[in-house]
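Using the numbering used here, the letters of the sequence shown correspond one by one to residues 8 to 197.
Every residue, glycine too, gets a C-beta built ideally from N, C-alpha and C.
On a predicted model such as this, the values are computed, not experimentally measured, just so you know.
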Amino acid sequence: MLFKARAFKSPSIDCPERLYSLKVLKGLNEQPLPLRDEMNDEFIFCEAVREAQGVRIARELQLSSGSVRYRMKKAIKRLYNKKQRKRKELLKDIKERYKLEQPVKDSEQQLSGIVVDKNTRDALVWADMLPEQLGLVDAILTLLGKSLEQELQRRIMAINAVMLYCGVEEGAPSCYVRRGPFGTVVSPPV
Numbered sequence: 008m009l010f011k012a013r014a015f016k017s018p019s020i021d022c023p024e025r026l027y028s029l030k031v032l033k034g035l036n037e038q039p040l041p042l043r044d045e046m047n048d049e050f051i052f053c054e055a056v057r058e059a060q061g062v063r064i065a066r067e068l069q070l071s072s073g074s075v076r077y078r079m080k081k082a083i084k085r086l087y088n089k090k091q092r093k094r095k096e097l098l099k100d101i102k103e104r105y106k107l108e109q110p111v112k113d114s115e116q117q118l119s120g121i122v123v124d125k126n127t128r129d130a131l132v133w134a135d136m137l138p139e140q141l142g143l144v145d146a147i148l149t150l151l152g153k154s155l156e157q158e159l160q161r162r163i164m165a166i167n168a169v170m171l172y173c174g175v176e177e178g179a180p181s182c183y184v185r186r187g188p189f190g191t192v193v194s195p196p197v
């Protein structure tokens, strides 16, 4: 509003970019930006007056602080509602695309014998999964075999993956080594 009213004494400050390019001078904690003397008689937040020709902005009438707060609250609410609508539209579009594209991807993966697609596998690798964990996920999510022999082989692979994973110690390695039963003090050898 100050830019629209050309309120600054310095004619060079006519846009936000120039205002933000100003630096605080050395030794001062603030940079004063005086307004034109004519602005003393005008209000930045002023009333709109309805006249016969239409609506006129009356710079000589100050808008009350309650009215300013109310209008700002309404504007913020409109902006928030608009953002909510956009967010809902985006989610709806994503959902529709997923409903249309995902069944095709799923059927293609099933026909090719892959259950965990490349993107999911890459995400699991990036999630710092151990090779044993990846093998377990891959073995468990493998599709049923087409023959009895293939199904038997799939089950054996899944069992082996579970057995291999059972030997994996999860979590960060511990740097504390216990040397005796809990509550006993072990003295160093003499």
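- Straight-line spacing of the CA atoms in L26 and R92 works out to 34 angstroms.
- Within the same chain, E49, F50, C53 come within 7 angstroms of R66 by CB-CB distance, once the 5 residues on both sides are set aside.
- Burial state of L137 is exposed, judged by a 10 Å Cβ sphere holding fewer than 16 other Cβ atoms.
- DSSP places L155 inside the alpha helix (DSSP H), whose first and last residues are 155–173.
- Annotation for R25: the continuous alpha helix (DSSP H) segment containing it runs 23–28.
- The beta-carbon distance between E139 and Y172, rounded to whole angstroms, is 5 angstroms. This is short enough to meet the 8 angstroms contact definition.
- Note that the C-beta distance between L35 and K16 is not below 8 angstroms.
- Residues of the same chain with a CB within less than 8 angstroms of the CB of V175, apart from the 5 flanking positions on each side, are L137, E139, Q140 in chain order.
- Spatial neighbours of M46 in its own chain (CB-CB distance under 8 angstroms, excluding positions within 5 residues in sequence) are listed in chain order as A12, A14.
- The C-beta distance from L151 to E158 rounds to 6 angstroms, short enough to meet the 8 angstroms contact threshold.
- The beta carbon of K89 lies closer than 6 angstroms to none in the same chain, with the five residues before and after it left out.
- The continuous alpha helix (DSSP H) containing E139 extends over residues 138–147.
- Each residue's CA atom was taken as its position, placing K30 and S72 some 31 angstroms apart.
- Following the DSSP letters along the chain, one finds I20 in no beta strand (DSSP E), marked with neither H nor E.
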